[in-house]
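Trainee:
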Amino acid sequence: MDKVIIACPWCNRFNDLASESRGQTVSCSRCTKRFTVPAQGGKGMKPEEPKALGRSITPLPEPGSEKEETMPARCPHCNALYQLPVRLVGKDVDCAKCTKTFQVPRMGTVRISRDAINTLQPKKDTGA
3 MDKVIIACPW
13 CNRFNDLASE
23 SRGQTVSCSR
33 CTKRFTVPAQ
43 GGKGMKPEEP
53 KALGRSITPL
63 PEPGSEKEET
73 MPARCPHCNA
83 LYQLPVRLVG
93 KDVDCAKCTK
103 TFQVPRMGTV
113 RISRDAINTL
123 QPKKDTGA
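Using this note's numbering, read the sequence shown as starting at 3 and increasing by one per residue.
#1: Tell me where the beta strand (DSSP E) around LYS5 begins and ends.
#2: Please classify GLU64 as buried or exposed, where buried requires at least 16 neighbouring CB atoms within 10 angstroms.
#3: What number of angstroms, rounded off, separates the C-alpha of CYS33 from the C-alpha of ASP18?
#4: Which word fits VAL95, buried or exposed, when buried means at least 16 other C-beta atoms lie within 10 angstroms of its C-beta?
#5: For the beta strand (DSSP E) containing MET73, name the first residue and the last one.
#6: Taking CYS30 as the reference, give the member of CYS10, ALA20 and ARG24 with the closest Cα.
#7: With H, G and I counted as helix, E and B as strand and the rest as coil, what does DSSP make of VAL106?
#8: Would you kindly check if the distance between the Cβ of LYS99 and the Cβ of ALA82 is under 8 Å?
#9: Is the distance from the Cβ of PHE16 to the Cβ of LEU90 below 8 Å?
#10: So what's ARG15 in DSSP terms, helix, strand or just coil?
#11: Between GLU41 and the rest of its own chain, which residues show a CB-CB distance below 7 Å, the 5 nearest in sequence each way excluded?
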């Protein structure tokens, strides 16, 4: 069974879901709030309003240990910042903000734009 990894638009928790979940409404494994999984190649869908839930759902247990090791990562498309489980390194995930897919980089890997690199270069001494 193919898996898809989707960030909850409420709490940014990445959820491992069956690929058949695309286009369906699911519950987040952390906050239990419901949201619609984007369809394959589709545009992002808004989370359901809390008042529309009508029932409570028991969250799935956290994968791994109680305190799973996490790392910061940014979506290279919209610059949204996430705290991701280390187990997602090298996997494709869908951004909750822009819904585009990106690969989670290794820890310490940073993508910097050319403009940002230019601002980091030391200025030359003019000898004044």
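Glycine included, C-beta positions come from ideal geometry on N, C-alpha and C.
Mentor: To lay it out plainly:
#1: 5-9
#2: Note on GLU64: pLDDT 49, under 50, position unreliable in the model; no value is reported.
#3: 14 Å
#4: buried
#5: 72-76
#6: CYS10
#7: coil
#8: yes
#9: yes
#10: coil
#11: According to the sequence shown, residue 41 is Ala rather than Glu. Excluding sequence neighbours, ALA41 sits near ARG24 and GLY25.
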